[in-house]
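K.L.:
Questions regarding the structure given below will be posed in turn.
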Amino acid sequence: MTEFMGELVGTMILIILGGGVIAGANLKHTKAEGSWVLITVAWGLAVAMGVYAVKQVSGAHINPAVTLGLATVGDFPWSKVPMYIVAQTMGAFIGASIVYFHYMPHWKDTEDKLAMRSVFCTDPAIRSPISNLVSEVIGTFVLVIGILFIGANEFTEGLNPLIVGLLIVAIGMSLGATTGYAINPARDFGPRLAHALLPIPGKGSSDWGYAWVPIIGPVIGGMYGGLFYEAIFKANMTGWFWISSLLIIALLFASMRVELKKVKAA
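Position one of the sequence shown corresponds to residue 36 (the numbering used here), numbered consecutively onward.
Here's what the structure looks like:
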């Protein structure tokens with residue numbers, strides 16, 4: 036198996052299991068309707084299974100934000116980044132399509148367009164683009180530094196992917212309730228494209244107006260997570276770290292300013 040196929044298959048497994056649990060929780064007349072805890076635990080296990088499947092082949096990034104974060108700190112060659120991102124996006128699209136076929140009888144019984152779309156892609160609990168962007172930045176930042184400091188520890192052979200899965204559970208339960216924690220551009224874009232193209236009865240809009248948030252946010256958070264880890268954990272404070280830190284602070288203050296204006300206008 037090539038690295039390209041490794042990332043494609045790993046991401047496909049991630050989305051089959053992750054999108055599958057959302058379908059089970061959100062679509063009508065399944066045996067698993069409801070429960071945020073169910074979703075967060077299943078997503079953690081989905082990541083663990085995807086990593087177990089292809090770690091020895093491609094390193095199991097299964098997420099462009101992870102690929103970019105590792106490339107930013109020199110742990111992954113930039114020349115392979117485009118190939119990995121294409122494979123991850125294709126894998127996510129295929130995984131989402133498999134979920135669609137698996138739950139075929141349940142689409143027609145589900146009238147809630149948002150519930151159907153959420154099987155494929157994320158949406159915010161409160162739509163506020165700058166704050167939603169911040170949420171995705173923070174969640175992905177924690178993901179990447181978490182992966183890096185987990186990797187710096189020694190575990191019993193084969194346990195590392197499960198620990199990464201637990202990190203995903205923690206992020207979902209702690210930080211995921213604002214935007215649905217895409218924390219992975221391929222996880223959102225590939226399935227959103229599948230939602231747009233597949234013949235889902237009464238599916239409604241794919242909400243492309245929001246799609247930039249779960250792409251740009253994880254990219255920023257992933258790259259800054261790598262720079263932060265190098266600066267704080269390895270005392271390698273580059274100019275890019277300081278520039279990025281200033282930009283992150285500016286983004287945080289912009290979000291705060293927008294939300295405070297809303298309070299004053301209310």
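Even glycine gets a Cβ: it sits at the ideal position worked out from N, Cα and C.
Pull up the CB-CB distance for residue 92 and residue 139, whole angstroms please, since I reckon it's below 8 Å.
P.N.:
Not really, about 31 Å apart at Cβ, beyond 8 Å.
K.L.:
Of the residues 226, 237 and 57, which one's Cα is nearest the Cα of residue 75?
P.N.:
Residue 57 is the option with its Cα nearest to residue 75.
K.L.:
Taking C-alpha atoms, which residue in 84, 121, 88 and 87 lies nearest to residue 102?
P.N.:
Per the Cα distances, 121.
K.L.:
So, does the stretch 186 to 203 touch the stretch 71 to 91, judging by three or more C-beta pairs under 8 Å?
P.N.:
At 8 Å Cβ cutoff, the stretches touch.
K.L.:
Can you list the alpha helix (DSSP H) stretches of 4 or more residues lying completely in the stretch 205 to 269, in chain order?
P.N.:
Whole alpha helix (DSSP H) segments, 4+ residues: 220 to 232 and 248 to 268.
K.L.:
Starting from residue 40 and walking both ways along the alpha helix (DSSP H), at which residues does that stretch end?
P.N.:
Looking at the DSSP string, the run of the alpha helix (DSSP H) that includes residue 40 is 38 to 61.
K.L.:
Buried or exposed: residue 144, going by 16 or more other Cβ atoms within 10 Å of its Cβ?
P.N.:
Exposed, by the Cβ-count rule.
K.L.:
Could you tell me which uninterrupted alpha helix (DSSP H) segments, each at least 4 residues in length, are contained entirely in the stretch 149 to 199, listed from first to last along the chain?
P.N.:
Listed in chain order, they are 164 to 186.
K.L.:
Please report the straight-line C-alpha distance between residue 189 and residue 195, rounded to a whole angstrom.
P.N.:
C-alpha separation (whole angstroms): 9 Å.
K.L.:
Apart from the five residues on each side of it in sequence, which residues of its chain come closer than 8 Å, Cβ to Cβ, to residue 148?
P.N.:
Cβ neighbours of residue 148 beyond the five flanking positions: 237, 238, 239 and 240.
K.L.:
Distance check for residue 270 and residue 90, CA to CA, integer angstroms please.
P.N.:
Computed Cα separation, rounded: 28 Å.
K.L.:
State the Cα-Cα distance for the pair residue 224 and residue 211, rounded to the nearest angstrom.
P.N.:
Those two C-alpha atoms are separated by around 18 Å.
K.L.:
Considering only residues of the same chain and omitting the five flanking positions on each side of residue 276, which have a CB-CB separation below 6 Å?
P.N.:
Counting only Cβ-Cβ distances below 6 Å, and skipping sequence neighbours, we find 262 and 266.
K.L.:
Could you tell me the distance, in whole angstroms, from the CA atom of residue 50 to the CA atom of residue 99?
P.N.:
If I take the Cα positions, the gap works out to 14 Å.
K.L.:
Rank 157, 249 and 218 by C-alpha distance to the C-alpha of residue 177 and give the top, closest one.
P.N.:
Answer by Cα proximity: 218.
K.L.:
For the alpha helix (DSSP H) that contains residue 297, what are its first and last residues?
P.N.:
Start and end: 274 to 300.
K.L.:
Evaluate residue 151 with the Cβ neighbour count: other Cβ atoms within 10 Å of its Cβ, from every protein chain shown; 16 or more gives buried, anything less gives exposed.
P.N.:
Buried, by the Cβ-count rule.
K.L.:
Buried or exposed: residue 111, going by 16 or more other Cβ atoms within 10 Å of its Cβ?
P.N.:
Buried, by the Cβ-count rule.
K.L.:
Would you report the Cα separation of residue 129 and residue 44, rounded to the nearest angstrom?
P.N.:
So the two alpha carbons sit approximately 9 Å from each other.
K.L.:
What's the C-alpha gap between residue 133 and residue 292?
P.N.:
Near 42 Å, if we compare the C-alpha coordinates of residue 292 and residue 133.
K.L.:
Is it the case that the Cβ atoms of residue 104 and residue 179 are separated by a distance below 8 Å?
P.N.:
A contact, by the Cβ cut-off of 8 Å.
K.L.:
For the putative contact between residue 226 and residue 54, defined by C-beta atoms under 8 Å, what is the C-beta separation to the nearest angstrom?
P.N.:
With 8 Å as the limit, residue 226 and residue 54 qualify as a contact, their Cβ atoms being about 6 Å apart.
K.L.:
Looking at residue 253 and residue 214, is the spacing between their C-beta atoms short of 8 Å?
P.N.:
No, the Cβ-Cβ distance between residue 214 and residue 253 is not below 8 Å.
K.L.:
Go to residue 108, then tell me how far its alpha helix (DSSP H) extends in each direction, as first and last residue.
P.N.:
First-last for residue 108: undefined, no H or E at that position.
K.L.:
Name the two residues that bound the continuous alpha helix (DSSP H) containing residue 127.
P.N.:
Residues 116 to 137.
K.L.:
What does the alpha-carbon distance come out to for the pair residue 154 and residue 107?
P.N.:
For residue 154 and residue 107, the distance between alpha carbons rounds to 31 Å.
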